Structures are given as C-alpha cells and as structure tokens.
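Here the numbering used here is used: position 156 in the first sequence is 171, and no number is missing along the way.
What follows is one structure encoded as structure tokens, with my remarks underneath.
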Amino acid sequence: MPELPEVETVCRGLSAHITGRTIVRATARRRDLRVPLPHDFERSLADRKITAVTRRAKYILIHLDDGKIFIVHLGMSGSLILHDAPLPNFRKHDHVIIEFSPYKLMVFHDPRRFGLIALAAGKDIEGNKLFVQLGKEPLDPETTAERLYDILQHSRAPVKSVIMDQRKIVGVGNIYACEALFRARIHPARPANKITKKETARLMNGIKTVLEEAIRSGGSTLRDYVRSSGDAGYFQHHFSVYGRAKTPCTLCRTPLSTTRQNGRSTFFCQTCQK
DNA sequence: CGGCGGTCCTGTCAGC
DNA sequence: TGCTGACAGGACCGCC
C-alpha cells in the first residue's frame with residue numbers, strides 16, 4: 016500500500032500517539048531486512064524519548080531525543096501498527112517490536128522484507144545516502160507546474176516513469192501515478208519531454224489533488240489504523256483507474272485498458288488520455 | 001548519463 | 001484439493 020498518502024497517514028497516527036513517550040525496549044525478531052539491522056540497534060533505541068515523527072518522501076522519520084533519527088520505510092508490504100496492550104503472541108513477519116512508556120507497542124510487520132529500518136544522525140539527514148538523491152515533495156507549495164515542466168523537459172522516458180522516479184518527484188507510486196495521469200488526461204506512455212505546459216499544469220494539479228484527497232480519506236480512518244488489534248487498516252481510497260481494467264471509464268464509459276511499463280501494471284482510459 | 005530489465009522476498013489468487 | 005505461474009502498493013544495481 017504505502018505510497019505518500021499512506022506513509023503520511025501512518026506518520027500522523029504515530030506522531031499523535033508516541034511523541035513524548037520513551038522507548039523502554041527495542042527487540043529485533045529478525046535482522047535481515049533490505050538492509051541488515053545494525054548490531055547496536057536495540058541499544059541505540061533503549062531509553063530514548065520520541066521528540067517528533069515526520070515524513071520525507073516515503074520514509075517515516077522518528078526523531079529521538081539524542082538527535083538521532085529512527086528511519087522506517089515500509090517497502091511494498093510493510094506496516095507499522097500500534098497496540099495498547101501486550102500481544103499474546105507475535106505473527107509471522109513481525110520483525111521489530113518497540114515498547115514505549117507510557118505503554119504502547121509498535122510492531123513493524125513486513126512479509127516481503129522490502130522495507131528498511133535504519134538509524135541516522137539527525138543533523139545530516141539530507142546528506143544521508145538514503146536521502147541525497149530524493150527529488151521534490153509534491154505537496155510542497157514550491158513544487159509548481161513550472162518545476163515539473165522543467166523536470167519533464169529533461170527526459171524522454173514515458174511520463175509515468177518520470178513521475179514515479181523518486182529522484183525527480185517523491186512519493187508517487189504506481190497507483191497514484193496512474194490516477195494522476197487519468198486526472199490530467201495524459202497517456203502514461205507519452206514521452207515526458209512532449210508534454211505541453213498546459214498538460215503539465217493539469218498533471219501537477221492531478222498529482223497534488225489525488226495525494227491530498229487520499230491523505231484526507233486516510234485521516235478519516237486514522238482511528239482504525241491505530242486500533243489495538245487487527246491488521247494494517249490501510250484506508251480504501253476510491254480509484255478511478257487503478258485495478259479497474261475492462262471496467263467502464265467513469266467519464267466516457269470506454270472499458271479501461273491495462274498495459275505494462277517497466278515491469279509495473281499501468282491502467283488508463285485510451286479515449287480520455289491522449 | 002539515462003533508461004530499462006532483473007532482482008530481492010513472501011503471499012495470494014486464478015487456472016488447470 | 002493441490003500445484004503452478006503470474007502478480008503485488010518499492011527501490012537498488014548493473015548493463016547497454
């Protein structure tokens with residue numbers, strides 16, 4: 016699930032519930048995530064107080080009172096769930112467990128282990144290997160259609176690949192790329208440098224609005240996400256094209272098309288998107 | 001350098 | 001029912 020809106024939702028939920036709490040204990044049930052957990056991981060977290068929870072791209076940044084940052088990326092299948100009471104038993108793929116005082120339990124669960132957990136010194140976070148290459152935040156007011164146009168002009172790759180390229184714009188994954196292109200009425204395979212200024216304005220607007228709406232609908236189910244038991248509670252956002260091959264386009268009733276780009280499924284309306 | 005394809009890993013679902 | 005293959009919301013690496 017986790018594209019920018021999901022990560023933002025998780026961050027807001029975490030921020031509301033763990034800011035100001037102290038980590039009593041960190042436990043790794045397995046260390047071989049995408050990047051192996053550092054050997055001093057548990058020790059580095061113990062007794063640290065959470066000062067803030069923020070987001071950069073699809074990374075969750077849990078700020079600690081010693082200036083370090085506990086970084087979590089959910090990959091394709093990761094979740095970070097809070098529980099109010101101790102669990103009778105952990106599930107398969109519950110890899111990292113954090114206990115807080117006052118009591119809360121935070122469980123990092125990730126079947127595919129494409130997720131990542133790391134620790135970094137806070138002051139040089141932007142210089143961190145994970146972050147140096149990252150592009151613009153799409154919801155930043157400074158990320159304008161003019162900036163996007165400049166980005167698109169410098170690439171001949173399909174526009175969908177470009178808006179999913181985290182070095183150019185962050186946070187847009189496969190689902191929201193499809194949705195934003197539909198909103199902008201742009202065919203996903205168009206070479207980026209052939210997109211006009213006018214189309215770019217629609218695309219920037221499509222990206223911002225679809226992300227904002229998804230965050231809003233995530234916010235409304237925030238209580239579900241932090242419920243003390245149960246699964247990830249990712250919200251059900253309504254998609255116009257993603258996963259809807261062959262079903263009628265909401266605008267023109269043409270059956271939606273699907274294709275593959277860079278190994279990822281793309282959904283679009285061949286009538287509306289040119 | 002840019003762009004594409006393969007790869008990491010496990011779970012789920014469709015089809016036989 | 002059981003097996004097989006395709007596919008899944010991400011990102012890195014290496015090759016042309």
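Cβ coordinates follow ideal geometry from the N, Cα and C atoms, glycine included.
The model shown is predicted, which means the values in this text are computed figures rather than measured ones.
Inter-residue Cα distance where the pair is residue i and residue j
| i | j | result |
| --- | --- | --- |
| H316 | A204 | Absent from the model: residue 316. The displayed extent of the chain is 16 to 289, so no value can be given. |
| I38 | M179 | 35 Å |
| R46 | H110 | 8 Å |
| F105 | T24 | 24 Å |
| T281 | V122 | 32 Å |
| R44 | I112 | 8 Å |
| K83 | L97 | 21 Å |
| L237 | G28 | In this prediction, L237 scores a pLDDT of 42, lower than 50, which makes its location untrustworthy; no coordinate-derived value is stated. |
| C193 | R128 | 25 Å |
| S243 | Y118 | Confidence at S243 is low in this model, with a pLDDT of 33, below 50, so its placement is unreliable and no value can be given for it. |
| Q181 | A207 | 15 Å |
| G221 | I201 | 10 Å |
| T286 | T273 | 13 Å |
| A31 | R171 | 43 Å |
| G188 | L19 | 8 Å |
Start and end residues, alpha helix (DSSP H) containing residue i
| i | result |
| --- | --- |
| E141 | Segment: none, E141 is in no alpha helix (DSSP H) and carries neither H nor E. |
| S59 | 56-60 |
| I190 | 189-199 |
For residue i, the three-state DSSP class (helix, strand or coil)
| i | result |
| --- | --- |
| R242 | At R242 the pLDDT is 37, less than 50, meaning the model places this residue with poor confidence; the figure from the coordinates comes in the next sentence. Three-state result, R242: coil. |
| K151 | strand |
| T224 | helix |
| S176 | helix |
| A72 | coil |
| Q288 | coil |
| T262 | coil |
| H98 | strand |
| I210 | coil |
| S232 | helix |
For residue i: DSSP bridge partner residues
| i | result |
| --- | --- |
| E18 | E18 is not bridged to any residue. |
| K183 | Beta-bridge pairing links K183 to no other residue. |
| V111 | A43, F123 |
| T281 | T274 |
Endpoints, the beta strand (DSSP E) within which residue i is located
| i | result |
| --- | --- |
| V87 | 83-88 |
| E157 | Per DSSP, E157 belongs to no beta strand (DSSP E) and is neither H nor E. |
| L271 | No beta strand (DSSP E) holds L271; DSSP gives it neither H nor E. |
| A135 | 131-136 |
Exposed unless 16 or more other CB atoms sit within 10 angstroms - verdict on residue i
| i | result |
| --- | --- |
| R268 | exposed |
| T158 | buried |
| E141 | exposed |
| S116 | exposed |
| Q288 | buried |
| L102 | exposed |
| D246 | Unreliable placement is indicated for D246, whose pLDDT of 37 sits below 50; no coordinate value is reported for it. |
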